[in-house]
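Participant: In this text, residue positions in the sequence shown follow this note's numbering: the first is 22, and each later residue adds one. Glycine included, every Cβ here is placed at the ideal spot set by N, Cα and C. Dropping a structure here in structure tokens format, bear with me for questions.
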Amino acid sequence: MDDQNKNLILATALSFAVILVWLFLFPPQTPDPATDPAVTAQSADTGDAAQTAAGDAATAAAAAPDAGIAEATAPRIDIRTPLLAGTLSLQGARLDDLSLTGYQVSIEPGAEDVRLFSPVGEPFAYYAVHGWSGANLPAGALPDDNTVWTLTEGETLTPETPVTLTFDGGAGLVFTRVISVDDDYMFTITDSVANSGAQAVAIQPWGLIARHGRPDTPSMWILHEGVVRMADGILDLIAYGKLPDAGTPAADGSRTDDEEVTANGWTGFTDKYWMATLVPTPGTGFRSSVRVLPERGIFQTFAWMPETTIAAGASVTHETRLFAGAKDWEIIRHYQNDEGVEGFINSIDWGWFSFITKPMFWLLHNLHALIGNMGWAIIALTFVIKALVLPLAYKSYVSMARMKELQPEMEKLKERAGEDKQALQQGMMKLYKDNKVNPAAGCLPVLIQIPIFFSLYKVIVVTIELYHAPWFGYIRDLSGPDPSSLFNLFGLLPWAAPASGSFLHLIFLGIMPLVLGVSMWLQQKLNPAPPDPTQRMIFAWMPWVFMFMMGSFASGLILYWITNNLLSFSQQYLIMRSHGARPDVFGNILSGFRRSGSGAAANSDKKPGGR
């Protein structure tokens, strides 16, 4: 086997190894359209055994809500808003049935709405409960998770018609709860407690969000899913696997829950596009805690508000809020800027390059509002980015042109230096200095493209504005991979394309990944192939390796990369022409084919027995 064939086999093996590693780090997103990607989870036991947790040392111990919460069998109240539909159970006054009417689980006609909350008794329970805890009170004095409240006002919960619930345990405490909801995703729970007894009573309000099982969504290191909470301006992200176990006290008797004490903040669970968050009234101060019941697979996050003392004959009122909905940038920004929910915009996972990701999304959002189509907005964003880095790109291309002009001098320098590498290095540095050439300048556009590409990838992956956003024709979801496939000649043959995420789907690419590979290959042809055979082989394989690597990426990201390649080609061509160079694109393409043909002919001469 000659060296050329060995190199070819090695390059092929390395290319596929790179593809496999890349797919491991960036697995394709393939949520099951038959289930809600926000709440698909492993099944968990839904029993109703109680768990307890100690309160602060300065106060009496407060009983934590029932970890399991029995299945709701009490009457329900309908919830109808412009963006939500569901029911509220009178058992525990719990919000445990909620769908997002503006989002569907797939782009197919008649697809079901995304379901955020689901009640105990269904496979993947997810719900929110609010209540009160206290010590030294008669049994039944406080409403618990399974108390059936009485509906005293309202029939359907809408933005115009809140509902009022009451509970009287016969121990001198009367509870009145008013639940309201706005036009978006924020519920407000207002509790009033009247003490008709002869003694003062100390009780503590709390809120709980629980989910039974871990969401069965594609694991992506670029994306956080789990607990998200804000404590006085500091964002805290805790993955499901990092939540502390409940029920095992520490050696000093303290709680094992992960706790934060804050004057302002919020706590909850976040998924890729959806979120449920407890939002105590800013300034009241609260203690948040998170935990997992490992034997039953139940994840919980609490908001413990300050204890309050109700004098005999007096009453108190406590208000808190619950966000349950989509992480829509405009809606979340409204809650942050207009309603005082501190740092709420950071519930969207902007990533390491947030200083780039946030303004990039802002620009994309406004371009979308102006153009009305997310695909064309991505193309417009690419034009803006290329315009911003044009001065640097211009210097880079000029530096590359100057380097080519110095190539004859470099060859002479190599001949004079011979095997003396130090002399060669010194001579090269002097040559660069005398001609005012920076050899690193050609790398700057590539280095700048890395955080830009990563940030745009983040924007397209995590922001809901691209969820099921169409471009034109068959591209109806820019957040998903290209649905076309070479397997059925892009729909011309009468059989379906391979399922997204399957091995055949990775091999039989769609139209956009193929265009991406061609655009990268075309950009290479602005310059002749390098004389070194190893470099020439690497450059020849690179476009097609990237084509397969990005075949399962979001269509919006591939659209950006294609546009970027075509703009880079045009920029470099015009800059080279402005400096007297005449890029022979077609000649470079033909020379590549001639080189391949001559290599094949040379190999054909090496027959068995030949010398």
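(1) With a cut-off of 8 Å, do at least 3 Cβ pairs link the region 261-268 to the region 305-321?
(2) Within the 8 Å Cβ cut-off, does residue 389 reach chain B?
(3) How is residue 468 classed by DSSP in three states: helix, strand or coil?
(4) Within this structure, are the beta carbons of residue 262 and residue 145 separated by less than 8 Å?
(5) Would you tell me roughly how many angstroms separate the C-alpha atoms of residue 306 and residue 197, rounded to the nearest one?
(6) Figure out for me which residue from 297, 204, 243 and 210 has the closest Cα to the Cα of residue 249.
(7) Take residue 224 and list the residues in its own chain whose beta-carbon comes closer than 6 Å to its own, dropping the five residues that flank it on each side.
(8) Can the beta-carbon of residue 226 be found closer than 8 Å to that of residue 212?
(9) From what residue to what residue does the beta strand (DSSP E) around residue 257 run?
(10) Cutting at 6 Å between CB atoms, please list the residues of its own chain near residue 476, excluding the five before and the five after it.
(11) Which residues bound the alpha helix (DSSP H) around residue 167?
(12) Less than 8 Å between the beta carbons of residue 581 and residue 399, yes or no?
(13) What separation, rounded to the nearest whole angstrom, lies between the Cα atoms of residue 383 and residue 432?
(14) Taking the beta strand (DSSP E) that residue 358 belongs to, which residues open and close that run?
(15) Per DSSP, what kind of secondary structure is residue 118 in: helix, strand or coil?
(16) With a 10 Å radius around its C-beta and 16 neighbouring C-beta atoms as the bar for buried, classify residue 164 as buried or exposed.
(17) Are the beta-carbon atoms of residue 95 and residue 221 separated by less than 8 Å?
(18) Residue range of the alpha helix (DSSP H) that residue 153 falls in?
(19) Which of helix, strand or coil does DSSP assign to residue 296?
(20) If you draw a straight line from the C-alpha of residue 283 to the C-alpha of residue 258, how long is it?
(21) Take the Cβ of residue 503 as the centre, count every other Cβ of all protein chains shown within 10 Å, and call the residue buried at 16 or more, exposed below.
(22) Measuring straight from C-alpha to C-alpha, what distance separates residue 124 and residue 403?
(23) Tell me whether residue 641 is buried or exposed, calling it buried when 16 or more other Cβ atoms sit within 10 Å of its Cβ.
(24) So for residue 386, helix, strand or coil by DSSP?
(25) Classify residue 405 as buried or exposed, calling it buried when 16 or more other Cβ atoms lie within 10 Å of its own Cβ.
(26) With a 10 Å radius around its C-beta and 16 neighbouring C-beta atoms as the bar for buried, classify residue 200 as buried or exposed.
(27) Which residues does DSSP list as the beta-bridge partners of residue 216?
(28) Given this structure, state the Cα-to-Cα distance separating residue 321 from residue 148, to the nearest angstrom.
(29) What separation, rounded to the nearest whole angstrom, lies between the Cα atoms of residue 116 and residue 138?
(30) Under DSSP, the beta strand (DSSP E) around residue 505 begins and ends at which residues?
(31) Comparing C-alpha positions only, which one of 218, 184 and 178 sits nearest to residue 162?
(32) Would you grab the beta carbon distance between residue 527 and residue 573 for me? Rounded to a whole angstrom, and I think it's under 8 Å.
(33) State the Cα-Cα distance for the pair residue 358 and residue 295, rounded to the nearest angstrom.
(34) Taking the DSSP output, what are the residues bridged to residue 571?
(35) Leaving out the 5 sequence neighbours to the left and right, which residues in its chain are closer than 6 Å to residue 501 when beta-carbon positions are compared?
(36) Can you check whether the CB of residue 492 is closer than 8 Å to the CB of residue 394?
Facilitator: To lay it out plainly:
(1) yes
(2) Here chain B cannot be found, since the structure has a single protein chain.
(3) helix
(4) no
(5) 23 Å
(6) 297
(7) 153 and 155
(8) yes
(9) 255-260
(10) 374, 377, 378 and 381
(11) Neither: residue 167 is in no alpha helix (DSSP H) and is coded neither H nor E.
(12) yes
(13) 50 Å
(14) Looking at the DSSP string, residue 358 is not in any beta strand (DSSP E); the run it does join, the alpha helix (DSSP H), is 350-360.
(15) strand
(16) buried
(17) no
(18) Premise fails: residue 153 lies in the beta strand (DSSP E), 147-155, not in any alpha helix (DSSP H).
(19) strand
(20) 16 Å
(21) buried
(22) 28 Å
(23) Residue 641 lies beyond the stretch modelled for the chain, which goes from 22 to 632, so this question has no answer here.
(24) helix
(25) exposed
(26) buried
(27) 194
(28) 10 Å
(29) 8 Å
(30) It is not in any beta strand (DSSP E) - residue 505 carries neither H nor E in the DSSP assignment.
(31) 218
(32) 6 Å
(33) 20 Å
(34) Paired residue(s): none; residue 571 is not in a bridge.
(35) none
(36) yes
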